[in-house]
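What follows is one structure encoded as structure tokens, with my remarks underneath.
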Amino acid sequence: MGNLCKIIAACAAIMLSFGASAQTMTAESMTALPMDLSASVNARKDLNGKPCALVKVSITVSNATFGGDVVGDVSRDGSDYWVYMTGGSKMLQIKHPNFKSLMVVFPNFGIARLEGKQTYALDISLPAVAYVEPVAPAQEVAAPSKSPDAAVAHGPRYFKPRKIKNHKEAFFPIFGITLGETTYSDAFKMGYIKDAGNFGDKYDLITIQGNSFWTHFSNTAGNEYDHITVGTMPQKWADYGFDKSLSYNEWIALFESLGFRVDIEKEPVVGEYDGRDVLQANLRATDPAGTFYFTLQFDYGSDGSTVDSPNTLYDAGIEVFSSENKALNAAIAKTRNASKKFVPSPAIDTFFPIYGITLGKSTWYDMARAGNMVESNDDGNAYCRAHDLLFSDFGKNGVFSNLYITDGSNMPPAWIKLGLQWGNSYNTWKKLFEDMGYTVIVEKAPAERGGNFSADLRVISPDARLRMDLEFDFRPGRDDTPGTLYSISMTAQ
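Encoded structure:
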């Protein structure tokens with residue numbers, strides 16, 4: 043019987059290995075980390091003596107290798123690979139024996155090129171693996187009262203829907219601090235002192251009972267705290283059922299019971315850490331008014347690797363962000379009437395509105411009023427995620443005129459009806475837009491590059507008001523092979 047079990051397990055491992063070898067890694071996100079000083083503290087120079095950029099590649103497999111303008115050896119910290127690259131680099135190749143090679147193009151994520159001494163986070167997801175676990179009878183959970191971080195015997199837990207009139211008032215203040223309102227000056231009067239070192243001096247960082255409060259908007263003491271990294275669960279949140287031992291599914295159920303909108307930013311996958319299987323996933327839960335949101339990162343868990351396993355949350359895997367910064371709010375308010383400049387367009391009308399948003403017309407104010415979180419990067423460009431679409435305002439005119447979507451995201455149903463489907467081949471995409479009367483420009487001719495089918499198309503609507511850039515890359519095939527499109531960028535002119 044023992045030998046039979048071993049044979050079955052070996053067969054399952056072989057099948058899983060074959061399944062993985064035919065699948066594709068996906069670049070989910072890439073962002074600059076202005077508060078992460080790793081590239082400066084652990085500096086490395088290129089052959090010309092210039093400081094390198096550091097890309098922290100988060101991927102839950104061992105033996106990954108990297109190609110491109112990589113400088114020196116690649117080290118690993120948990121699930122993060124530290125990849126030093128020459129300043130000015132625009133792409134990074136990632137290879138693994140069980141997956142197809144992935145070329146990450148930085149401009150696709152709004153990063154024109156890497157800057158020396160700057161740290162970046164690159165999140166790579168793997169195909170999801172299905173796991174089935176016996177389900178115990180549901181039981182109602184009683185909120186912990188004395189030890190909010192203590193592990194609770196799991197069942198799965200059930201959460202009754204709760205009506206909350208004002209989520210901001212329900213969750214704040216904690217330790218006397220309210221995100222979007224309390225400044226360092228206020229905190230100083232309460233007896234809190236800035237942390238020493240670069241982080242504290244630059245970002246007015248203070249730590250209270252293991253919880254770090256940050257100001258992201260400048261290094262002056264007049265800005266409100268807009269970000270918390272949660273160490274010890276505040277009792278006020280524990281009273282609503284917050285408990286770090288909750289499983290992935292229980293966190294979703296809890297947030298939904300409290301009226302938050304839950305977005306899955308990284309689908310659950312099973313990775314490897316320290317010789318064991320771990321669950322990896324990212325969630326975002328936004329309050330109904332769109333004034334603050336929680337992000338949850340699942341990784342390095344010790345009690346299992348399924349969506350129903352307890353204790354899969356990363357130790358410091360809860361962060362809270364606020365959109366209620368005075369400077370950003372003032373900028374959002376100024377865009378209230380920016381849509382008046384919009385001129386009707388038949389082409390834009392064909393594709394929009396989608397999820398209540400019209401490209402080239404919807405303002406920062408419109409997005410915020412609809413409960414979508416409007417954010418701003420260091421360059422002053424606003425961006426907003428709605429469902430699987432990333433809207434941006436590169437023109438800084440108060441209107442979201444750019445949209446980006448990749449093949450790892452769901453195509454809006456209304457667009458599928460128009461024929462926009464990820465399963466289309468290059469030839470199908472080209473004919474689709476030609477039949478719609480669009481001007482089709484082949485910006486990069488179809489060819490095999492690096493073992494993958496590669497091509498770029500630009501299509502322009504008959505009224506010249508809508509432009510789309512289609513990038514085919516990262517997959518082997520030909521011009522008639524289905525599913526070779528990687529991304530679509532839309533721009534309202």
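Just so we're aligned: the sequence shown equals residues 43 to 535 in our numbering. Glycine included, every Cβ here is placed at the ideal spot set by N, Cα and C.
Sixteen is the threshold: when 16 or more other Cβ atoms of the shown chains lie within 10 Å of the Cβ of M145, as they do, the residue is buried.
Leaving aside the five residues that flank A358 on each side, the residues in its chain whose CB is nearer than 8 Å to its CB run, in chain order, T271, V272 and G273. Scanning its chain for C-beta atoms nearer than 7 Å, with the 5 sequence neighbours on each side dropped, one finds around D430 the residues I447, S451 and N452, in chain order. In the DSSP assignment, L401 falls outside any alpha helix (DSSP H), carrying neither H nor E.
A direct Cα-to-Cα measurement between L432 and M510 gives close to 14 Å.
Counting other Cβ atoms within 10 Å of its Cβ, I399 reaches 16 or more and is therefore classed as buried. Separation of the CB atoms of F393 and L221 is rounded to 36 Å, and the pair is thereby denied contact status at 8 Å. Between the C-alpha atoms of R491 and T224 there is a straight-line separation of about 53 Å. Just measuring C-alpha positions, the residue of S299, Q322 and E513 sitting nearest R204 is S299.
Residue pairing for E417: DSSP places it in a beta bridge opposite Y425. Put simply, of F475, K382 and P352 the residue whose alpha carbon is nearest the alpha carbon of R199 is P352.
For F284 and T107, the gap between their C-alpha atoms comes out near 39 Å. In this structure, L512 lies near L499, with their beta-carbon atoms less than 7 Å apart. Judged by beta-carbon spacing, K159 lies within the 7 Å limit of A81, meaning their Cβ atoms are closer than that value.
Under the criterion of beta carbons closer than 8 Å, L296 and F201 qualify as touching, at roughly 5 Å.
Secondary structure in the segment 439–475: the alpha helix (DSSP H) runs of 4 residues or longer, each lying completely within the stretch, are 455–459 in chain order. In the same chain as W293, and ignoring 5 residues on each side of it, the C-beta atoms closer than 7 Å to its own belong to L325 and L338, in chain order. Listed in chain order, the beta strand (DSSP E) elements of length 3 or more contained wholly in the segment 486–529 are 494–502 and 508–517.
For D341, there is no enclosing beta strand (DSSP E), as DSSP marks it with neither H nor E.
In this structure the segment 91–107 touches the segment 115–129; the number of beta carbon pairs closer than 8 Å is three or more. The C-alpha of L355 is placed about 40 Å away from the C-alpha of A497. A straight-line Cα-Cα distance of about 39 Å links R303 and D477. Annotation for S71: the continuous beta strand (DSSP E) segment containing it runs T68 to A74.
For the segment 290–366, the full-length alpha helix (DSSP H) segments reaching 4 residues or more read 290–299 along the chain. When the beta-carbon positions are compared, G129 and A95 come within less than 7 Å of each other. By a beta-carbon distance limit of 8 Å, A327 contacts F336. Their separation comes to about 5 Å. Setting aside the 5 residues that flank it on each side, F436 is surrounded in the same chain by N423 and N444, each with a C-beta closer than 6 Å to its C-beta; the list follows chain order. A buried status is given to L168, since no fewer than 16 other beta-carbon atoms sit within 10 Å of its beta-carbon. By the C-beta density criterion, A74 is buried, having at least 16 other C-beta atoms within 10 angstroms. Listed in chain order, the non-local C-beta contacts of T481 below 6 Å within the same chain comprise I502, local neighbours out to five positions each way being set aside.
C-alpha of S387 to C-alpha of Y126: approximately 46 Å in a straight line. Per DSSP, Y123 is not a residue of any alpha helix (DSSP H); the beta strand (DSSP E) it occupies stretches across D122 to M127. The C-alpha of V99 is placed about 8 Å away from the C-alpha of Y162.
Of the candidates P93, E417 and I101, the residue whose Cα lies closest to the Cα of V112 is P93. Within the DSSP bridge table, the entry for N253 names I250 as partners. In this structure, DSSP gives L79 a state outside helix and strand, which the three-state scheme calls coil.
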